[in-house]
Amino acid sequence: ELDDGLDEAFSRLAESRTNP
Amino acid sequence: TGTGAVLGAYVAPKSVWLHAMKGKGLEISGTFARRSGAVFMDLVFTNRALQVMSDFAIQFNRNSFGLAPAAPLQILTPLAPNQSTEVSLPLNTVGSVMKMDPLNNLQVAVKNNIDVFYFSVVYPLHILFVEDGKMERQMFLATWKDIPNENEAQFQIRECPPNPDSVSNKLQASNVFTVARRTVDGQDMLYQSIKLTNGIWVLAELRLQPGSPSSALSLKCRAPEVSSFVFQAVEAILKN
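For the record, the sequence lines run as chains B and P. Here my numbering is used: the first residue of the first sequence is 5, the next is one more, and so on. Here my numbering is used: the first residue of the second sequence is 34, the next is one more, and so on.
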């Protein structure tokens, strides 16, 4: 398992940009 | 090529940079290209005078990114009336730097046996996008957060290819690298990085609107004066 949390961080960034 | 659809970097068609009227019969057309990690000025010299032209040389004025000829201009044989010759001049970015207005303006001097001629051209910024411009994801997130909001510039790109894969591939061929991709509420968001020859990083968010050829480009950069030129380059790449 190489989940470094970055996938989730990008999802949060994209979410925050679409629904600020 | 037989190897499938390999996209090349975008190169604008040549345009006339020095009209024969201003060049005492010398006409120069050209464009800029990036090939295998190097920048080139691709030129066509045409002799529209009634006498032979020889002894060509080229020089640049100081410019924003230090562009300079990396070798002498190679026009080895005299150019007869009505004759044209193509030459590809390799450039480097280790010349003297002076901020130009606009930023991508380049003042060129060409001499031959008749006179010295001066002209200005603007180059598309993507010739300065380097091959190792893909930022690590963690660094991207940290940098995105770190660059203040007032350094973010937003642009509208019309005539964007309809799907994110073709957008990503087209841009990557010109060294605009997709670091991450997300879909939110049906909108594809591409997070991309660009590194310029002088080490300046530009972070991009490209938001594709479903069913629309228009997309929104947000650029974040510590040197925000480059953003509008990066936008012009990205738009040209996507339109072509």
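Note that the Cβ used here is the ideal one computed from N, Cα and C, for glycine as well. Quick caveat, the model's predicted, so the values are computed rather than measured.
Buried or exposed for Asp221(P), going by 16 or more other Cβ atoms inside 10 Å?
So Asp221(P) ends up on the buried side.
For Thr22(B), three-class secondary structure by DSSP:
Judged by DSSP in its simplified three-state form, Thr22(B) adopts helix.
Compare the beta carbon distance of Ser207(P) and Ala42(P) with 8 Å and say whether it is the shorter of the two.
Their beta carbons are under 8 Å apart, which means Ser207(P) touches Ala42(P) by this criterion.
Classify Arg67(P): buried if its beta carbon has 16 or more other beta carbons within 10 angstroms, exposed otherwise.
That one is buried.
Give me the DSSP bridge partner(s) of Gly63(P).
Gly63(P) pairs with Ser48(P) and Leu76(P).
Quick one: grab the DSSP three-state call for Asn184(P).
Looking at Asn184(P) - three-state DSSP - the assignment turns out to be helix.
Local Cβ density within 10 Å of Leu229(P), reported as buried at 16 or more and exposed below that:
It is buried - the Cβ of Leu229(P) has at least 16 other Cβ atoms within 10 Å.
Rounding to the nearest angstrom, what Cα-Cα distance links Pro102(P) and Gly70(P) in this structure?
Take the alpha-carbon of Pro102(P) and the one of Gly70(P): they are about 15 Å apart.
Hey, would you say Val200(P) sits closer than 8 Å to Leu223(P), going by beta carbons?
In this structure, Leu223(P) lies closer than 8 Å to Val200(P) by Cβ.
What is the rounded straight-line gap between the Cα of Val139(P) and the Cα of Lys55(P)?
Residue identity check: residue 139(P) is Leu in the sequence provided, not Val. Whole-angstrom Cα-Cα distance: 18 Å.
Output needed for Ala113(P): all residues of its chain with C-beta closer than 8 Å, excluding positions within five of it in sequence on either side, in chain order.
Cβ neighbours of Ala113(P) beyond the five flanking positions: Asn80 and Val85.
Does Thr22(B) have its Cβ less than 8 Å from a Cβ in chain P?
So, interface residue.
Using a cut-off of 7 Å between C-beta atoms, extract the partners of Ala213(P) located in chain B.
Going along chain B in sequence order, the residues near Ala213(P) (Cβ under 7 Å) are Phe14.
Since His159(P) contacts Ile270(P) with CB under 8 Å, what's their CB separation in whole angstroms?
Cβ-Cβ separation between His159(P) and Ile270(P): approximately 6 Å, consistent with a contact (criterion under 8 Å).
Cβ-based burial, Thr64(P) [other Cβ within 10 Å; buried from 16]:
Classification for Thr64(P): buried.
Sort Tyr156(P), Thr118(P) and Phe78(P) by Cα distance to Ser97(P) and report the nearest one.
Out of Tyr156(P), Thr118(P) and Phe78(P), Tyr156(P) has the C-alpha closest to the C-alpha of Ser97(P).
Which of the residues in the segment 189-221 of chain P, read from start to end, lie with their CB under 9 Å from any CB of chain B?
Answer in chain order: Val212, Ala213, Arg214, Arg215, Thr216, Val217, Asp218 and Gln220.
Could you check whether the segment 5-23 of chain B touches the segment 139-148 of chain P, counting it as contact only if at least three pairs of C-beta atoms, one from each stretch, sit closer than 8 Å?
The segment 5-23 of chain B is not in contact with the segment 139-148 of chain P.
Range of the contiguous alpha helix (DSSP H) that encloses Lys272(P)
Following the DSSP letters along the chain, one finds Lys272(P) inside the alpha helix (DSSP H) bounded by residues Ser260 to Lys272.
Return helix, strand or coil for Gln171(P), following the three-state DSSP convention.
Reduced to three states, the DSSP call for Gln171(P) is helix.
Which listed residue (Phe78(P), Leu241(P), Ala45(P) and Val263(P)) has its alpha carbon closest to that of Ile61(P)
Distance check between Ile61(P) and each of Phe78(P), Leu241(P), Ala45(P) and Val263(P) places Phe78(P) closest, using alpha-carbon atoms only.
Would you say Trp177(P) lies against chain B (beta-carbon separation less than 8 Å)?
At a cut-off of 8 Å between beta-carbon atoms, Trp177(P) makes contact with chain B.
List, in order along the chain, the chain B residues whose C-beta lies closer than 9 Å to that of Tyr224(P)?
Neighbours of Tyr224(P) on chain B, chain order: Phe14, Leu17 and Ala18.
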